[in-house]
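Below is one structure, written out as structure tokens, with a few remarks after it.
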Amino acid sequence: MELRGATALVTGTNRGIGHHFAVELLQRGAKVYATARRPELVTIPSVEILRLDINDQASVDAAAAVATDVDVLVNNAAFTAGGNLVTGDLDAIRATMDSNYYGTLAMVRAFAPILARNGGGAILNVLSGVAWTTVDGNTAYAAAKSAQWGLTNGIRVELAGQGTLVAGLVPGLVATDTMKEFARDAGLDLGTDVMTDPLDLVRLALDGLEAGEVEILDGLGVAAKATLAGPPQALDLSAVSAS
Ligand SMILES: NC(=O)c1ccc[n+]([C@@H]2O[C@H](COP(=O)([O-])OP(=O)(O)OC[C@H]3O[C@@H](n4cnc5c(N)ncnc54)[C@H](OP(=O)(O)O)[C@@H]3O)[C@@H](O)[C@H]2O)c1
């Protein structure tokens, strides 16, 4: 997928990995719709800023009515703090599934016809290595990411006929404020040697997309996938922590 001259829409660009996606796509010569549910927080010059809440169907439809020239959709936005499944707050667990699974699905359903009209294009879903394992303290997020991985595989089959490349980005730990806060709250010292820099991750993802890869993994993503060959196990964050 050639990114120079492409038109990309990225969800959740007001912070974290989504911000870097918008900046790097611009850098690679794409037109960029930088979307956020609080668009006033998007500070990237030379992008088209759109209000978009992926869990609000009217908001998704409004974005699809404006961004009719999109040929690259990056589903990055997600609520990631669901807590544990058995003891956690049920509303937080639902919000995690709502954004990772149903929000991504709403975006795919709204933009698949647009991608088809624009030659097929590509969808990049931002998944996580915890989709293939789990993590104590946030098992709800891991389960939602598993569902999102299944969704990604399903739509790849469904959209092959219209020529849409469907890729999943599968990172381990990425040094965003949200991840650093989670580590701090859990008393973990996750150094830069175990956390991927968000800009490095985005460059890896876009290189993979340009090369036509369907699954793009960083180091911990590779390790998480390897665990699938054995019995189910949790990612032990204390084992990768310095403390
Ligand atoms: N950081 C990691 O270690 C890591 C590892 C693996 C995968 N990931 C995945 O990478 C993606 C980004 O993670 P991150 O660390 O950059 O997260 P982040 O810093 O917490 O940012 C999340 C972004 O998603 C937006 N968002 C949440 N719900 C939304 C909704 N309903 N509609 C529109 N936007 C919404 C947030 O907007 P608000 O500011 O309005 O909340 C924010 O812009 C997520 O899919 C996450 O699961 C992250």
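Here the sequence shown is numbered in my numbering, starting from -19 and rising by one per residue. Where is the CB? At the ideal position from N, CA and C, for every residue including glycine.
Boundaries for Arg(-5): no beta strand (DSSP E) harbours it, and the DSSP string shows neither H nor E there.
In this model, Arg8 and Leu(-17) are separated by some 6 angstroms (Cα to Cα).
Short note on Gly(-2): C-beta closer than 6 angstroms to some heavy atom of ligand 1. Membership of Gly188 in any beta strand (DSSP E) is not indicated; the residue belongs instead to the alpha helix (DSSP H) covering Pro178 to Glu190. Taking 8 angstroms as the upper bound for CB-CB distance, Thr132 and Val52 are not in contact here, some 15 angstroms apart. Cα atoms of Asp116 and Ala214: separation of roughly 7 angstroms, rounded to the nearest angstrom. CA-to-CA, the gap between Ala166 and Leu181 works out to about 24 angstroms.
DSSP places Ile34 in the coil class of the three-state scheme, outside both helix and strand. Annotation for Met159 indicates a beta carbon within 6 angstroms of some heavy atom of ligand 1. Within the model, the alpha-carbon separation for Gly109 versus Val202 is close to 8 angstroms. In terms of side-chain proximity, the C-beta atom of Leu153 is found nearer than 6 angstroms to a non-hydrogen atom of ligand 1. In this model, Arg97 and Arg18 are separated by some 29 angstroms (Cα to Cα). Between Gly62 and Ala92, the alpha-carbon positions lie close to 28 angstroms from each other.
Of Ala185, Ala102 and Leu197, the smallest CA-CA separation from Gly(-2) is found for Ala185. Secondary-structure assignment with DSSP links Ile103 through a beta bridge to Leu53 and Val146. The count of Cβ pairs closer than 8 angstroms, one atom from the segment 25 to 34 and one from the segment 78 to 87, reaches three, so the stretches are in contact.
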